[in-house]
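Residue numbers (the UniProt record's numbering), protein chains in the order written: chain A, 1 to 443; chain B, 1 to 443.
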């Protein structure tokens with residue numbers, strides 16, 4: 001029972017043309033590929049877009065208690081896409097395939113766990129002779145990954161399952177979108193959000209508002225359109241971008257200011273839908289990373305969100321999908337919790353759930369809080385870990401709490417990445433977070 | 001319990017740009033809208049693209065035993081699309097909407113039954129205040145009709161449900177399609193079929209073959225590509241058409257010569273999936289119309305086809321779709337029965353199933369055979385019916401057998417359309433069919 005992890009954090013089936021992505025962003029998500037290292041167990045294989053430092057791999061293995069030498073990390077040769085992207089030409093490169101085939105045989109791999117199961121992974125799975133043992137391969141092999149990655153599909157399935165979503169619709173007519181947005185939202189003083197059908201992490205979304213000052217959470221920017229003419233002009237200017245050059249429909253929804261983004265995660269197996277955990281995006285002081293479990297789980301309406309997530313997963317399961325599903329929602333100030341997206345792939349939370357389960361067991365969300373700190377600068381890894389130890393806040397196997405360096409820049413200088421801060425309560429986690437800032441700034 | 005039928009036989013969400021359709025074809029399918037008249041019962045309303053002759057309506061009502069004056073047929077004003085198309089501008093025309101609203105109130109309509117539940121019908125349903133009583137409205141209102149009309153969605157769902165389909169894949173890369181078609185089919189001497197993601201009745205399909213003489217059943221034409229270069233050239237020439245201008249993916253499948261096209265139909269309600277009937281396209285002497293039930297139902301593998309249809313309907317039901325689903329397949333000479341499409345809308349068989357059930361009950365497929373004759377010329381309607389009577393082959397309520405004029409050209413001259421021939425056995429039906437040809441050619 002060994003697994004082949006493939007950390008393809010961005011694929012063209014997720015985001016469209018990979019060539020238009022900013023190189024710095026590609027390196028950023030390429031480094032984030034290291035998150036999947038935290039899901040490894042003895043015997044697993046991991047394919048990363050960029051070779052991590054040996055010290056980082058040693059650190060992960062030691063923290064997870066992996067038998068030294070039992071796991072391997074492979075990095076395919078460079079390809080046509082920007083650095084950080086595990087593009088099709090890299091993964092299907094014949095020389096890499098030969099190496100991978102040997103490694104798969106040596107490790108006795110019987111499960112393929114990519115970040116996103118796109119058509120490249122489907123082909124790779126066939127090349128490795130693992131199609132027959134991959135649950136849900138049929139759907140994924142026939143474009144199911146793309147189907148389920150569509151925000152339009154989400155709207156349809158959510159409506160079919162009776163799950164509460166923001167008022168909105170799916171459309172490919174600019175005129176209709178203009179009419180709808182104006183009549184339904186803007187003329188009533190409500191902002192709206194426009195979403196490209198295929199994209200991730202808000203990079204295909206824009207907020208439009210009839211007034212200034214709307215914070216575009218989960219979107220690239222917010223644009224003020226005070227009149228129907230301004231709205232028409234905005235849509236004319238952005239239609240090509242919104243529809244990916246006229247290829248796709250767009251989703252238009254009401255946008256709820258001052259709402260809290262929530263997420264919940266599930267694993268779909270042949271037999272069941274398993275709830276894995278929930279979390280919340282941190283809004284203060286700036287939007288940066290998650291807290292798991294979601295502090296707003298205390299709200300009396302929170303259980304409905306988990307039920308709605310299970311309902312959606314029922315539909316997705318009926319389609320034949322097997323694997324991770326993350327369900328996103330917003331806790332609004334006026335309309336309760338509204339589900340606004342699902343993703344049928346590994347999420348930005350999966351590694352935290354795996355880590356939490358690994359250190360304290362299935363019920364870890366009752367016993368620990370994990371805070372994610374992204375885009376952090378720190379000294380070279382060995383030094384950073386030493387400082388954390390010196391201050392008594394490094395992750396400790398005895399207390400099963402403390403600070404973990406979850407991602408470290410794979411470039412020559414390191415010193416940049418992400419932490420996971422583990423504590424028994426949110427207050428303790430926030431105190432640890434404060435100490436991280438202090439000790440590593442002073443070191 | 002009265003129903004509003006809307007015979008929108010072609011929508012832009014089914015076929016893409018309606019403006020490119022041939023005007024004669026639009027009139028042809030516009031007339032076929034009359035098939036829905038055969039689904040009516042007392043109190044129903046029917047919206048047609050073209051006004052039928054009063055004599056035709058009287059004939060349908062009399063044949064179905066409808067109380068005179070209890071049903072109404074409405075035709076909206078002309079619009080921008082070719083004659084025969086119930087386009088959005090026609091259905092949502094304010095003056096028509098006012099008339100329709102009154103008629104809906106007068107008839108106590110509580111169910112909307114369009115040919116295709118597209119976004120126009122969704123808006124119309126809301127305008128009429130019927131959204132809340134329409135099962136499955138949530139999914140349909142959020143673009144579910146388009147989602148389920150996609151041939152790519154079919155491939156994914158069929159694979160997810162483990163239903164046997166022709167070897168094939170879904171792709172948006174010309175290079176990949178070329179590689180796949182050549183390596184998998186053409187270089188082995190097998191023809192293939194390429195399908196646009198959104199189209200109907202084979203109008204978006206082409207067969208490619210490494211040899212001459214392949215009959216393109218369910219496709220526009222067959223093209224010979226003997227070498228990989230010829231294949232590459234063909235794909236370069238037709239890529240724009242195949243992908244609807246680069247908007248959509250295409251489906252590429254193995255094509256089975258000399259196979260028999262089958263169909264089965266189901267109704268999905270909130271509680272259940274009901275099997276409605278099955279049929280077969282007639283291949284001899286030319287492909288023209290159906291036989292219901294399918295003569296090949298005698299085959300020992302036929303029940304698997306119905307089970308596969310039920311399996312697919314289970315997935316579609318889980319998505320929240322309610323209404324008619326037709327499932328298409330081919331009975332091959334070498335690979336058993338392979339399912340190759342579903343359509344979540346009223347089909348070209350629905351009126352025959354309704355008629356059969358109406359005249360002999362739920363088990364009509366055990367007691368009657370219906371043959372469809374399309375594209376027939378006949379004298380003006382009154383005269384045609386008289387001739388059928390004179391020859392003793394007109395539909396008779398006593399024997400519940402005979403010939404029905406199912407569609408009559410709505411143009412000023414009439415004299416063109418479709419028959420349904422009802423008999424107790426296929427041999428009797430074919431004898432009636434022969435007599436129709438003789439007596440109406442001589443009249």
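Heads up, the beta-carbon is just placed ideally off N, CA and C, and yes, glycines get one too.
Determine the direct distance from the alpha carbon of residue 169 of chain A to that of residue 183 of chain A, and round the result to whole angstroms.
13 Å
Do residue 420 of chain B and residue 352 of chain B count as a contact pair if the criterion is CB distance below 8 Å?
yes
Thinking C-alpha only, which one of A/43, A/38, A/49 is nearest residue 57 of chain A?
A/38
Could you work out which residues of chain B lie near residue 198 of chain A, taking near to mean beta carbons separated by less than 7 Å?
Residues of chain B passing the Cβ test: none, with the nearest at roughly 11 Å.
How big is the Cα-Cα spacing for residue 356 of chain B and residue 429 of chain B?
14 Å
Please give the ranges of any beta strand (DSSP E) in the segment 319-404 of chain B, keeping only runs that are unbroken, at least 3 residues long and fully inside the region.
323-331, 337-343, 369-377
Beta-carbon gap between residue 92 of chain A and residue 71 of chain A smaller than 8 Å
no
Write down the C-beta distance between residue 116 of chain A and residue 322 of chain A rounded to the nearest angstrom, noting that I regard them as a contact closer than 8 Å.
The Cβ separation is near 14 Å, so there is no contact.
Can you confirm whether residue 332 of chain A, when its beta carbon is compared against all beta carbons of chain B, has any partner nearer than 8 Å?
no
Could you tell me whether the segment 326-343 of chain B touches the segment 148-163 of chain B, where touching means 3 or more Cβ pairs closer than 8 Å?
yes
Could you please give me the residues that DSSP links to residue 196 of chain B through a beta bridge?
B/250
Which residues in the same chain have their Cβ closer than 8 Å to the Cβ of residue 320 of chain A, if we skip the five residues on either side of it in sequence?
136, 138, 139, 144
Does the segment 98-118 of chain A come close enough to the segment 58-66 of chain A that 3 or more CB-CB pairs lie under 8 Å?
no
So, under 8 Å CB-CB, residue 113 of chain B and residue 130 of chain B are touching, yes? Tell me the CB distance rounded to an integer number of Å.
Actually they do not touch by this definition, with Cβ atoms about 11 Å apart.
Based on the DSSP output, what are the partners of residue 222 of chain B in its beta bridges?
B/207
Sort A/256, A/8, A/219, A/228 by Cα distance to residue 122 of chain A and report the nearest one.
A/8
Buried versus exposed call for residue 302 of chain A [16 or more other C-beta atoms within 10 Å across all chains shown]
buried
Contact check, residue 388 of chain B vs residue 403 of chain B under 8 Å by CB: the rounded distance?
5 Å
Taking CB distances under 8 Å as the criterion, tell me whether residue 383 of chain A reaches chain B.
no
Anything in chain B within Cβ reach of residue 153 of chain A, meaning under 8 Å, just list it in chain order.
147
Counting only beta-carbon separations shorter than 8 Å, does residue 499 of chain A have a partner in chain B?
Past the edges of chain A, shown from 1 to 443, lies residue 499 of chain A, and the structure says nothing about it.
Can you tell me where the alpha helix (DSSP H) holding residue 90 of chain A begins and where it ends?
88-91
Residue range of the unbroken alpha helix (DSSP H) whose run includes residue 301 of chain B:
That residue, residue 301 of chain B, is in no alpha helix (DSSP H); it is neither H nor E in DSSP.
Would you say residue 14 of chain A and residue 31 of chain A are within 8 Å of each other, going by their C-beta atoms?
no
Within a Cβ cutoff of 7 Å, which residues of the same chain sit near residue 274 of chain B, ignoring the five residues on either side of it in sequence?
266, 267
Rounded separation between residue 177 of chain B and residue 217 of chain A - CA only
39 Å
What residue range is occupied by the uninterrupted beta strand (DSSP E) comprising residue 281 of chain A?
273-281
For the candidate residues B/79, B/1, B/33, whose alpha-carbon lies nearest to that of residue 105 of chain B?
B/1
Near residue 52 of chain A, which residues of its chain fall below 8 Å by C-beta distance, leaving aside the five closest residues on each side in sequence?
34, 37, 73, 408, 410
In the DSSP output, which residue or residues are listed as bridge partners for residue 417 of chain B?
B/376, B/408
Would you say residue 184 of chain B faces chain A, with C-beta separation under 8 Å as the test?
no
For the beta strand (DSSP E) that contains residue 26 of chain A, what are its first and last residues?
Per DSSP, residue 26 of chain A belongs to no beta strand (DSSP E); it is in the alpha helix (DSSP H), 23-32.
Going by alpha carbons, who is nearest to residue 173 of chain B out of B/248, B/221, B/333, B/395?
B/248
Kindly indicate if chain B contains any beta-carbon less than 8 Å away from that of residue 81 of chain A.
no
Quick one: list the residues of chain A neighbouring residue 170 of chain B, beta-carbon separation under 7 Å, in chain order.
142, 143
According to DSSP, is residue 238 of chain A part of a helix, a strand, or is it coil?
helix
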